[in-house]
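J.: My questions all concern the structure below.
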Ligand SMILES: [Zn+2]
């Protein structure tokens, strides 16, 4: 029973949870995408980023593996991203641009310590440095306001041009394969032998993201690619950094000279594998800044000095293509019940959602997305759609009117068998009036025990392994531990 409780999330509930989470995520989508892209950059935390970035695509059925061969060589990859950007420029989905600056820091707190004066750090110098760093930070945050270019508007010079050759790159990556546990549906970037969630062995199967995550990592500018970096990124040169810092420091410091060195430069793109619609394009890099300063006024005691700091900068372009977003893609209802669906039109303002239900007799839907079931059991789709430029955009929610399964139990919790021996397991899906009562059987270790589709277990070799029944409705699970030893072959 305890085990059943652990697995009490039905597929529908899981989806519902996911979509609730995704609503919250959208609220801080801009910042989180940028921060995550930077995290990839800092620590190669690819897994988290991929799942976050893929979030928008979660309502679509997975695009299959063979949706077309991914671009392979650096040349092909660059051309693919450039073509995707060109398609967007033509189609003009809504574009949002955000630039974030960070001071280099590893612990996430002492970022103000990054500004350092040459020649020691007395208390007073440290305080002065923090004060100036704070001023720089404030300036950076106001220097790059978020911009939004609405549907159908020209991007003009807002969308940065990409000017990349294969020679400028140290590495290219195209990611879209991940692994999913077929038992508990946990997702990972690699396939472990044993699922950390449900402990099933050999349960991971490859799956495919709707989007490619493409990363173009630039070679270190020291190796002669500084020009390539400055061609693609902003702020791109010492003069621009000088102007930025001047705005922050002119009350306290005269900046005599600025030298910059860019590194860790990378362009990351999310592109739909089927449509080549670009979802996001991120330019991120670090800038080491060396300053020759002449402190003024209150801080003039510092004297003619040199200082250095590192900025981490990231500019993210997010593309919102017209689509319907639905809060649920699956819904289970009892007879004579009402449920609410929420749809959002990602489209020019004022675009209205229309609700419909193509199959008659199971449920009805009103103009506000309220779904009502009658006295019939069955399945139906509820569709939310809108029209834009003669095209229909829609998304549907699959509705089951049924008595949902709530649990599954087995007639044996333990069995002891000799090799070659067999026993019949029986699964009971509860409650008794559940509409779908079928289960799927599987074994933890086929070298110890096998199970057929009727629940007949057969001992194979010595050891202990669990046999599971998984309810087809709701994915509740119950297990029987089978130990196989030499000797008699009778159950229990
Ligand atoms: Zn699992």
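Numbering (my numbering), first residue to last: 103 to 594. Ideal Cβ placement from N, Cα and C applies to all residues, glycine included.
Along the chain, where does the alpha helix (DSSP H) containing residue 455 start, and where does it finish?
T.: Here residue 455 corresponds to residue number 353 of the chain shown, with the count starting at 1. Segment: none, residue 455 is in no alpha helix (DSSP H) and carries neither H nor E.
J.: Does the beta-carbon of residue 523 have 16 or more other beta-carbons within 10 angstroms, so that it is buried, or is it exposed?
T.: In the chain shown, residue 523 corresponds to position 421, counting from 1. By the 10 Å Cβ count, residue 523 comes out buried.
J.: At a cut-off of 7 Å, would you count residue 515 as near ligand 1, judging by its Cβ distance to the nearest heavy atom?
T.: Your numbering for residue 515 matches position 413 in the chain shown. Every heavy atom of ligand 1 is 7 Å or more from the Cβ of residue 515, so no.
J.: One question on the structure: do residue 484 and residue 496 come within less than 8 Å of each other, judged by their Cβ atoms?
T.: The sequence position of residue 484 within the chain shown is 382, counting from 1. The sequence position of residue 496 within the chain shown is 394, counting from 1. No, these two residues do not count as a Cβ contact at 8 Å.
J.: Using the three-state DSSP reduction, which class does residue 398 fall into: helix, strand or coil?
T.: Against the chain shown, residue 398 aligns to sequence position 296. DSSP places residue 398 in coil when its eight states are reduced to three.
J.: Taking the beta carbon of residue 296 as the centre, do at least 16 other beta carbons fall within 10 Å, making it buried, or is it exposed?
T.: The residue given as residue 296 occupies position 194 in the chain shown. Exposed, since its Cβ has fewer than 16 Cβ neighbours within 10 Å.
J.: Less than 8 Å separating the beta-carbons of residue 512 and residue 473?
T.: One-based indexing of the chain shown puts residue 512 at position 410. One-based indexing of the chain shown puts residue 473 at position 371. Against a cut-off of 8 Å, the Cβ pair of residue 473 and residue 512 comes out as no contact.
J.: Using only the heavy atoms of ligand 1, determine whether one of them is closer than 7 Å to the beta carbon of residue 580.
T.: Position 478 of the chain shown holds residue 580. No.
J.: Using 8 Å as the Cβ pair cut-off and three pairs as the minimum, do the segment 407-426 and the segment 382-395 touch?
T.: yes
J.: Beta-carbon within less than 8 Å of residue 162's beta-carbon, same chain only, minus the 5 sequence neighbours each way: which residues are those?
T.: In the chain shown, the residue the question calls residue 162 occupies position 60. Residue confidence for residue 162 is low, a pLDDT of 44 falling below 50, so the modelled location carries little weight; the figure read from the coordinates is stated next. These residues qualify, in order along the chain: 312.
J.: Are at least three pairs of beta-carbons, each pair with one atom in the segment 180-190 and one in the segment 224-238, less than 8 Å apart?
T.: no
J.: Write down the C-beta distance between residue 264 and residue 343 rounded to the nearest angstrom, noting that I regard them as a contact closer than 8 Å.
T.: Counting from 1 along the chain shown, the entry for residue 264 is found at position 162. Counting from 1 along the chain shown, the entry for residue 343 is found at position 241. Incorrect: roughly 22 Å between the Cβ atoms, too far for contact.
J.: Excluding the 5 residues flanking residue 367 on each side, which residues of the same chain have their C-beta closer than 7 Å to its C-beta?
T.: Start at 1 with the first residue of the chain shown, and residue 367 comes out as number 265. The residues are 320, 331, 335, 387.
J.: Are there any heavy atoms of ligand 1 lying less than 7 Å away from the beta-carbon of residue 307, as far as the coordinates show?
T.: Here residue 307 refers to the residue found at position 205 when the chain shown is read from its first residue. Result no, Cβ not under 7 Å from ligand 1.
J.: Mind reading off the beta-carbon distance from residue 276 to residue 172? Whole number of angstroms is fine, and I expect it under 8 Å.
T.: Here residue 276 refers to the residue found at position 174 when the chain shown is read from its first residue. Here residue 172 refers to the residue found at position 70 when the chain shown is read from its first residue. Yes, residue 276 and residue 172 are in contact; Cβ-Cβ is about 5 Å, under 8 Å.
J.: Just curious, the beta strand (DSSP E) that residue 565 is in, first and last residue?
T.: Translated into positions along the chain shown, residue 565 becomes position 463. Per DSSP, residue 565 belongs to the beta strand (DSSP E) from 565-573.
J.: Tell me whether the beta-carbon of residue 549 lies closer than 8 Å to the beta-carbon of residue 506.
T.: Within the chain shown, the letter at position 447 stands for residue 549. Within the chain shown, the letter at position 404 stands for residue 506. Not closer than 8 Å, so no.
J.: Can we count residue 300 as close to ligand 1, meaning its CB is less than 7 Å from some heavy atom?
T.: If you number the chain shown from 1, residue 300 lands on position 198. Yes, since a heavy atom of ligand 1 falls inside the 7 Å radius drawn around the Cβ of residue 300.
J.: Which residue or residues does DSSP assign as beta-bridge partners of residue 290?
T.: Taking the first residue of the chain shown as 1, we reach residue 290 at position 188. In the DSSP assignment, residue 290 is bridged to 281.
J.: What is the rounded straight-line gap between the Cα of residue 454 and the Cα of residue 466?
T.: Locating residue 454 in the chain shown gives position 352, counting from the first residue. Locating residue 466 in the chain shown gives position 364, counting from the first residue. Roughly 19 Å between the two C-alpha positions.
J.: Can you tell me the Cα-Cα spacing of residue 269 and residue 452, whole angstroms?
T.: Position 167 of the chain shown, counted from the start, is the residue given in the question as residue 269. Position 350 of the chain shown, counted from the start, is the residue given in the question as residue 452. Each residue's alpha carbon lies about 47 Å from the other.
J.: Here's the rule: buried if 16 or more other CB atoms are within 10 angstroms of the residue's CB, otherwise exposed. What is residue 360?
T.: Reading the chain shown from its first residue, position 258 is the one you call residue 360. Result: buried.
J.: Say yes only if the C-beta of residue 288 is nearer than 7 Å to one or more non-hydrogen atoms of ligand 1, and no if none qualify.
T.: As a first step, residue 288 is located in the chain shown; it is residue number 186 there, counting from the start. Yes, the beta carbon of residue 288 sits closer than 7 Å to at least one heavy atom of ligand 1.
J.: Going by C-alpha to C-alpha distance, which of 564, 197, 582, 279 sits closest to residue 292?
T.: Counted from its first residue, the chain shown places residue 292 at position 190. Out of 564, 197, 582, 279, 279 has the C-alpha closest to the C-alpha of residue 292.
J.: If I follow the unbroken alpha helix (DSSP H) through residue 578, where does it start and stop?
T.: For the purposes of this step, residue 578 is identified with residue 476 of the chain shown, where counting begins at 1. Residue 578 -> no alpha helix (DSSP H), and no H or E assigned at all.
J.: Excluding five sequence neighbours on each side, which residues of the same chain lie with their C-beta closer than 8 Å to the C-beta of residue 588?
T.: Reading the chain shown from its first residue, position 486 is the one you call residue 588. Contacts found: 520, 521, 564.
J.: Using a 10 Å radius around the Cβ and a threshold of 16 neighbouring Cβ atoms, would you call residue 584 buried or exposed?
T.: Indexing the chain shown from 1 puts residue 584 at position 482. So residue 584 ends up on the buried side.
J.: Report the rounded CA-to-CA distance for residue 179 versus residue 421, giving the unit in angstroms.
T.: Within the chain shown, numbered from 1, the residue matching residue 179 stands at position 77. Within the chain shown, numbered from 1, the residue matching residue 421 stands at position 319. Their backbone Cα atoms lie some 19 Å apart in a straight line.
J.: With residue 195 and residue 424 assumed to form a contact (beta carbons below 8 Å), what rounded beta-carbon distance in angstroms separates them?
T.: Translated into the one-based positions of the chain shown, residue 195 becomes position 93. Translated into the one-based positions of the chain shown, residue 424 becomes position 322. Residue 195 to residue 424, Cβ: 7 Å. Contact.
J.: From residue 289 to residue 303, what distance separates their C-alpha atoms?
T.: By 1-based counting over the chain shown, the position of residue 289 is 187. By 1-based counting over the chain shown, the position of residue 303 is 201. The straight-line gap from Cα to Cα measures roughly 15 Å.
J.: Where do the ends of the alpha helix (DSSP H) carrying residue 361 lie?
T.: Taking the chain shown and counting its residues from 1, the one referred to as residue 361 is at position 259. No alpha helix (DSSP H) contains residue 361, which is instead part of the beta strand (DSSP E) from 355-374.
J.: What would DSSP say about residue 349, mapped onto helix, strand or coil?
T.: Position 247 of the chain shown, counted from the start, is the residue given in the question as residue 349. If DSSP states are grouped into helix, strand and coil, residue 349 belongs with the helices.
J.: Around the C-beta of residue 305, are 16 or more other C-beta atoms found within 10 angstroms, so that it is buried, or is it exposed?
T.: Position 203 of the chain shown, counted from the start, is the residue given in the question as residue 305. Residue 305 is buried by the Cβ-count criterion.
J.: How would you call residue 397, buried or exposed, if buried means at least 16 neighbouring beta carbons within 10 angstroms?
T.: What you label residue 397 is simply residue 295 of the chain shown in a count that begins at 1. Burial call: buried.
J.: In this structure, how does DSSP classify residue 138 when only helix, strand and coil are distinguished?
T.: Position 36 of the chain shown holds residue 138. Here residue 138 scores only 41 on pLDDT, less than 50, and its place in the model should not be relied on; the value that follows carries that caveat. For residue 138, the three-state secondary structure derived from DSSP is helix.
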